[in-house]
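Asks:
4 protein chains.
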Amino acid sequence: MPQAASPALIDDLVVANHVLVNEGVLDGFGHISVRHDREPGLFLIARSMAPGLVQAEDIVMCDLDGTVHDSQGRKTYVERFIHSEIYRARPDVMAVIHSHSPAVIPFGVTGQRLRPICHMSGFLGAQVPVFEIRHSAGEATDLLIRNQALGQALAQSLGGAAVALMRGHGNVVVGFSIQQVVFRAIYTEGNARLQSEAMRMGEIEFLSPGEAQAASDMNDEHLGRPWEVWKRRAKMAGY
Amino acid sequence: MPQAASPALIDDLVVANHVLVNEGVLDGFGHISVRHDREPGLFLIARSMAPGLVQAEDIVMCDLDGTVHDSQGRKTYVERFIHSEIYRARPDVMAVIHSHSPAVIPFGVTGQRLRPICHMSGFLGAQVPVFEIRHSAGEATDLLIRNQALGQALAQSLGGAAVALMRGHGNVVVGFSIQQVVFRAIYTEGNARLQSEAMRMGEIEFLSPGEAQAASDMNDEHLGRPWEVWKRRAKMAGY
Amino acid sequence: MPQAASPALIDDLVVANHVLVNEGVLDGFGHISVRHDREPGLFLIARSMAPGLVQAEDIVMCDLDGTVHDSQGRKTYVERFIHSEIYRARPDVMAVIHSHSPAVIPFGVTGQRLRPICHMSGFLGAQVPVFEIRHSAGEATDLLIRNQALGQALAQSLGGAAVALMRGHGNVVVGFSIQQVVFRAIYTEGNARLQSEAMRMGEIEFLSPGEAQAASDMNDEHLGRPWEVWKRRAKMAGY
Amino acid sequence: MPQAASPALIDDLVVANHVLVNEGVLDGFGHISVRHDREPGLFLIARSMAPGLVQAEDIVMCDLDGTVHDSQGRKTYVERFIHSEIYRARPDVMAVIHSHSPAVIPFGVTGQRLRPICHMSGFLGAQVPVFEIRHSAGEATDLLIRNQALGQALAQSLGGAAVALMRGHGNVVVGFSIQQVVFRAIYTEGNARLQSEAMRMGEIEFLSPGEAQAASDMNDEHLGRPWEVWKRRAKMAGY
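Protein chains in written order, with my numbering: chain A, 1 to 239; chain B, 1 to 239; chain C, 1 to 239; chain D, 1 to 239.
(1) May I ask you to list the residues that DSSP assigns as paired with methionine 61 of chain C?
(2) On the three-state DSSP scale, how would you describe cysteine 170 of chain A?
(3) Using a beta-carbon distance cut-off of less than 8 Å, what residues from the segment 23–39 of chain C approach chain D?
(4) Please report how far the alpha carbon of glycine 160 of chain C lies from the alpha carbon of glutamine 179 of chain D, in whole angstroms.
(5) Within the 8 Å Cβ cut-off, does alanine 241 of chain D reach chain A?
(6) How close, in whole Å, do the beta carbons of histidine 135 of chain C and cysteine 118 of chain D come, if the pair is a contact with beta carbons under 8 Å?
(7) Counting pairs of Cβ atoms below 8 Å between the segment 110–128 of chain C and the segment 60–79 of chain C, do you hit three or more?
(8) Between which two residues does the beta strand (DSSP E) carrying histidine 83 of chain C extend?
(9) Which residues does DSSP list as the beta-bridge partners of threonine 76 of chain A?
(10) Check whether the segment 3–15 of chain A touches the segment 71–84 of chain A, counting contact only when three or more Cβ pairs, one atom from each stretch, lie closer than 8 Å.
(11) Mind checking which residues open and close the beta strand (DSSP E) that includes valine 34 of chain D?
(12) Can you give the beta carbon distance from glutamine 55 of chain D to valine 14 of chain D, rounded, assuming they're within the 8 Å contact cut?
(13) Less than 8 Å between CB atoms is the rule here; does leucine 44 of chain A satisfy it with respect to chain B?
(14) Spatial neighbours of serine 48 of chain B within its chain, please: CB distance less than 7 Å, with the 5 preceding and 5 following residues excluded, ordered by chain position.
(15) Against chain D, with Cβ distances strictly below 8 Å, would glutamine 152 of chain C count as a contact?
(16) Report yes if the C-beta distance between proline 51 of chain B and valine 96 of chain B is below 8 Å; otherwise report no.
(17) Could you check how far apart the C-beta atoms of leucine 124 of chain A and valine 163 of chain A are, in whole angstroms? I think they sit under 8 Å.
(18) Buried or exposed: which applies to glutamate 203 of chain A, given that a residue is buried once 16 or more other Cβ atoms fall within 10 Å of its Cβ?
(19) Starting from the Cα of alanine 214 of chain B, find the closest Cα among A:Arg146, A:Pro91 and A:Ile186 and give me that residue.
(20) Please confirm whether isoleucine 86 of chain B and alanine 155 of chain B have their CB atoms less than 8 Å apart.
(21) For my contact list, valine 104 of chain D and leucine 165 of chain D are in at a C-beta cut-off of 8 Å; report their separation, rounded to the angstrom.
(22) Using a C-beta to C-beta distance shorter than 7 Å, which residues of chain B count as neighbours of glutamate 197 of chain C?
(23) Could you tell me which residues DSSP puts in a beta bridge with leucine 165 of chain A?
(24) Rounded to the nearest angstrom, what separates glycine 168 of chain B and glycine 30 of chain D at their Cα positions?
(25) Quick one: grab the DSSP three-state call for alanine 215 of chain A.
(26) Between the Cα of leucine 42 of chain C and the Cα atoms of C:Pro2, C:Gly28 and C:Asp11, which residue gives the shortest distance?
(27) Thinking glutamate 197 of chain A and serine 196 of chain D are a contact (beta carbons under 8 Å), I'd like their distance in whole angstroms, please.
(28) According to DSSP, simplified to helix, strand and coil, what is histidine 98 of chain D?
(29) Note the first and the last residue of the continuous alpha helix (DSSP H) segment covering proline 106 of chain D.
(30) Would a check of beta-carbon distances place leucine 13 of chain A closer than 8 Å to chain B?
(31) Quick check on asparagine 22 of chain B: does DSSP put it in helix, strand or coil?
(32) Residue range of the alpha helix (DSSP H) that serine 196 of chain D falls in?
(33) Here's the rule: buried if 16 or more other CB atoms are within 10 angstroms of the residue's CB, otherwise exposed. What is proline 91 of chain B?
(34) In or out: glutamate 139 of chain A buried (at least 16 other Cβ within 10 Å) or exposed?
(35) Please look up how many angstroms separate the CB atoms of tyrosine 239 of chain C and histidine 18 of chain C, rounded, as I've assumed it's under 8 Å.
(36) By DSSP, does arginine 233 of chain D sit in helix, in strand, or in coil?
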């Protein structure tokens, strides 16, 4: 049996589940994981359940083949391969969110590129790739990332980026910590809303590549600030 | 007097009323019914009242002719024929929702087809019919489904679909259980919002027919997950 | 000193203030009045204050010249002439709301006609007039209805309609009761939101004149239903 | 050590932080300051923290060079130069808000001018300037106002206006009091939402210059009314 993860990490993962629901990134579906802090070949994720109801005792450990290691034999999400294959392909990634975050969906199905409209979303960088499951699994899937091969195809599509859209499905966001990945998921949704609005007004002046990088680096120094607020808002809402 | 329905079914129907209000599908109007679990020729529905205030004691039984069977002689909604005629025409249907769910209204009045933009709304399938009351009752009705003939015309327009729009009025959604019909009503509204947004961005790549079917089948295995969340949110909101 | 108004009427007026704030029709500004139930030459309205904070002791009486009759010498809103002149011109009107209800503003400044998109807003009828204060008071007013002459011009623009828009300012809604005028104000805002959305999708099939009339008559029989819900929501929100 | 500021002013500043978060102008970022009531060369602002969590003990004093005067040696926001340089350039300004208020962002990146669509936003006047940081600091900044030179450039761009947009970043709003600047920030966001909606409907009839001025003067006499409501709403929400 692997070592236990840090209780503080598990606490943050539970809070992150509630924050993401409360801020409108997750609804009854979607999931967030974090790489185990003592076992880099494992990650922590809730058992298969609604993220808004997750508590510390619901967190299970999963390895990079997608096998759950749980003394109670519980299962996690069908789409755990999103997480396992990204952790395998990207040693820099410590946390992963998969959501159906609503404002992002239209960008995945129309070919419009999601780009950083303001400094809060500099992490979007120059390129937000779009994953098309039809290229890997044909025209009649249920769109879920159900196995390692699909997880690998998605990880390949993500490449070195922070965010990848999934056509007709949602998106995946990665980060070097729970706080960073939550920040990115919330501002990916926000950027989508603002860009969609601005596109109707005229030509948009997006961040330059240099601005996107500098703003992203700067925001990484302030991740604790919104985290405290989102945490408090989730509590105020009753989570 | 017919047998009593299962108390658990009545409880779910009460919760469903509150969930649909809390998630923005119903306001002061609209209704949900479920087929009686022991008497397939009857269905359960609230007496004529605002759905957000419905309690177990407000549920009455109605037959497929639209006659209420209630020892206290209470009435139900004028538009009970939406329910009675769909239950008559569709033995597979166990639950029906009629709402004025806002994002769907524009699709009913502009000729734009509502289609599945992502896997959550695969149940929309290839065809969401639009019911035009003028074809049955002329140019000067109050748009309500006030009698059996109008209920039959609506059921005919629905055909084998999961959802039918009603021009200048709202929509009707059917399912094999309370949980499924609530899921479908909430994601019909969500799909309408997203499709409306995406239509302004460009040509939309909708789910293929195979994807819609596979995604719909898959979602039917997970109906309990969002149901628990919606239930909890309704409680958190004070229902 | 005039007779006291019915305490039940005053209670409803207080509740209506809170409901209109809670449903997003009023913010810190705007007002609702009701004609005195025993003195048709007077109406009841809050003293000059934010509608969300109004209590029964804040209600004052005002006559059709805009003079407040209050033993404590309190003032009401500068724009009381909206109310006084409509009550004078329209003996059928028992309640008046003036708001800056947001979705309606764009219709007042672009020449787009607000029309009934669904049966809930049949009361909009064939014609929602737009009041242009420049025709009465020139190009440099603060847009407020500050005196009898402006109140008369607005009442004339309203004519026999249920709603009039005020360019660059807001709108006024009238009804035969508090419940009806609240219903109309809330669904005027709702109709504006839906019509604005639908206009981007294509040509809209609005209610026919006969449908608008029939639907409006029908809704007038069910005004108590949403009223109870809005009342409860305002209480749940803490008003 | 400078004199202490009035406790009432500090209380209002704390409340203003919460109101701006609760009304959607600030999120985890952004800040509001007020000029010290006894030391015009100082201003009061929270230490570097999320505005929704600010309490009276978090307020520090800062001078017009951007140096914090705090017995505990605490720091304030990196972007304090927004405040210090505007206070220096504009003796009439007593309060400043910097936000990423969402509906305003699209106007900063598309060249569309923000203009007063209704009387509540007359303070926008004829001209809302847009600050382009590239003109001062090149193509690869993180967009923050990190030093006096950038603060001066922003203040120069603001000129005598009430609001300036900051491309790809947010906006700055100034006023003669906390209540006025909060009013302006909230209605700047509201105006952006309405103008964006109206632009899709057709040509907009904006307020004339005379109307904008008269409406702005009029609103300045009623600043206490919405302030009480926003304060109460922030308390109802749990701040």
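No residue lacks a Cβ here, since even glycine has one placed at the ideal position from N, Cα and C.
Replies: On the basis of the supplied data:
(1) Residue mapping note: residue 61 of chain C aligns to position 61 of the third sequence, counting from 1. Note: methionine 61 of chain C sits in a beta bridge opposite C:Leu44 and C:His69.
(2) Stepping through the first sequence from its first residue, residue 170 of chain A is reached at position 170. In the sequence as displayed, the identity of residue 170 of chain A is glycine instead of cysteine. Look at glycine 170 of chain A here: in three-state DSSP terms it is strand.
(3) Shown in chain order are the members of the segment 23–39 of chain C whose Cβ falls below 8 Å from a Cβ of chain D: Asp27, Gly28 and Phe29.
(4) Locating residue 160 of chain C in the third sequence gives position 160, where the first residue counts as 1. Locating residue 179 of chain D in the fourth sequence gives position 179, where the first residue counts as 1. Cα to Cα, the separation comes out at about 40 Å.
(5) Residue 241 of chain D cannot be examined here, being either before or after the span of chain D that is shown, 1 to 239.
(6) On the third sequence, position 135 is the one that residue 135 of chain C refers to. On the fourth sequence, position 118 is the one that residue 118 of chain D refers to. Their Cβ separation, rounded to whole angstroms, is 18 Å, which puts histidine 135 of chain C and cysteine 118 of chain D out of contact at 8 Å.
(7) In short, these stretches do not touch, since the Cβ pair count stays below three.
(8) For the purposes of this step, residue 83 of chain C is taken as residue 83 along the third sequence, with counting starting at 1. Counting along the chain, histidine 83 of chain C falls outside any beta strand (DSSP E), though it belongs to the alpha helix (DSSP H) covering 80–89.
(9) Counting from one through the first sequence, the residue named residue 76 of chain A turns up at place 76. The partner list for threonine 76 of chain A (beta bridge, DSSP) reads A:Arg47.
(10) Contact between the segment 3–15 of chain A and the segment 71–84 of chain A is absent, because fewer than three Cβ pairs lie under 8 Å.
(11) Mapped onto the fourth sequence, residue 34 of chain D falls at position 34. Start and end: 31–35.
(12) As a working note, residue 55 of chain D is residue 55 in the fourth sequence. As a working note, residue 14 of chain D is residue 14 in the fourth sequence. About 6 Å; that satisfies the 8 Å criterion.
(13) The count along the first sequence starts at 1 and reaches residue 44 of chain A at position 44. Interface residue (Cβ-Cβ distance to chain B less than 8 Å): leucine 44 of chain A is not classified as such.
(14) In the second sequence, the residue the question calls residue 48 of chain B occupies position 48. If the five residues before and after serine 48 of chain B are omitted, its C-beta is found closer than 7 Å to the C-beta atoms of Lys75, Thr76 and Tyr77, all from its own chain and listed in chain order.
(15) Counting from 1 along the third sequence, the entry for residue 152 of chain C is found at position 152. Judged by the 8 Å Cβ criterion, glutamine 152 of chain C is not in contact with chain D.
(16) What you label residue 51 of chain B is simply residue 51 of the second sequence in a count that begins at 1. What you label residue 96 of chain B is simply residue 96 of the second sequence in a count that begins at 1. No, they are not a contact pair.
(17) Translated into the one-based positions of the first sequence, residue 124 of chain A becomes position 124. Translated into the one-based positions of the first sequence, residue 163 of chain A becomes position 163. Right, the Cβ-Cβ distance comes to about 6 Å (below 8 Å), so this counts as a contact.
(18) The sequence position of residue 203 of chain A within the first sequence is 203, counting from 1. With fewer than 16 other Cβ atoms within 10 Å, it is exposed.
(19) The sequence position of residue 214 of chain B within the second sequence is 214, counting from 1. Put simply, of A:Arg146, A:Pro91 and A:Ile186 the residue whose alpha carbon is nearest the alpha carbon of alanine 214 of chain B is A:Arg146.
(20) Within the second sequence, numbered from 1, the residue matching residue 86 of chain B stands at position 86. Within the second sequence, numbered from 1, the residue matching residue 155 of chain B stands at position 155. Contact: yes.
(21) Taking the first residue of the fourth sequence as position 1, residue 104 of chain D is located at position 104. Taking the first residue of the fourth sequence as position 1, residue 165 of chain D is located at position 165. With a contact defined as Cβ atoms closer than 8 Å, valine 104 of chain D and leucine 165 of chain D qualify at about 6 Å.
(22) Translated into the one-based positions of the third sequence, residue 197 of chain C becomes position 197. Here the neighbours are Pro106 and Ser196.
(23) Translated into the one-based positions of the first sequence, residue 165 of chain A becomes position 165. Leucine 165 of chain A has A:Val130 and A:Asn171 as its beta-bridge partners, per DSSP.
(24) The residue you call residue 168 of chain B lines up with position 168 of the second sequence. The residue you call residue 30 of chain D lines up with position 30 of the fourth sequence. As the crow flies, the alpha-carbon of glycine 168 of chain B is around 44 Å from that of glycine 30 of chain D.
(25) Start at 1 with the first residue of the first sequence, and residue 215 of chain A comes out as number 215. DSSP, read as helix, strand or coil, puts alanine 215 of chain A in helix.
(26) Here residue 42 of chain C is taken as the residue at index 42 of the third sequence, counted from 1. For leucine 42 of chain C, the closest alpha carbon among the candidates C:Pro2, C:Gly28 and C:Asp11 is that of C:Pro2.
(27) Counting from one through the first sequence, the residue named residue 197 of chain A turns up at place 197. Counting from one through the fourth sequence, the residue named residue 196 of chain D turns up at place 196. 6 Å between Cβ atoms; contact.
(28) One-based indexing of the fourth sequence puts residue 98 of chain D at position 98. Correct three-state label for histidine 98 of chain D: strand.
(29) Looking up residue 106 of chain D in the fourth sequence gives position 106. Counted as a single uninterrupted DSSP element, the alpha helix (DSSP H) harbouring proline 106 of chain D occupies residues 105–110.
(30) What you label residue 13 of chain A is simply residue 13 of the first sequence in a count that begins at 1. It does not; no Cβ of chain B falls within 8 Å.
(31) Numbered from 1 along the second sequence, position 22 holds the residue referred to as residue 22 of chain B. In the structure shown, asparagine 22 of chain B sits in a helix (DSSP, three-state: H, G or I).
(32) Here residue 196 of chain D refers to the residue found at position 196 of the fourth sequence. Note, serine 196 of chain D: alpha helix (DSSP H), 178–199.
(33) Here the question's residue 91 of chain B lines up with position 91 in the second sequence. Classification of proline 91 of chain B: exposed, given that the 10 Å Cβ count is below 16.
(34) Counted from its first residue, the first sequence places residue 139 of chain A at position 139. With fewer than 16 other Cβ atoms within 10 Å, it is exposed.
(35) Here residue 239 of chain C refers to the residue found at position 239 when the third sequence is read from its first residue. Here residue 18 of chain C refers to the residue found at position 18 when the third sequence is read from its first residue. Sure, about 4 Å apart at Cβ, within 8 Å.
(36) Looking up residue 233 of chain D in the fourth sequence gives position 233. Arginine 233 of chain D falls in the helix class under three-state DSSP.
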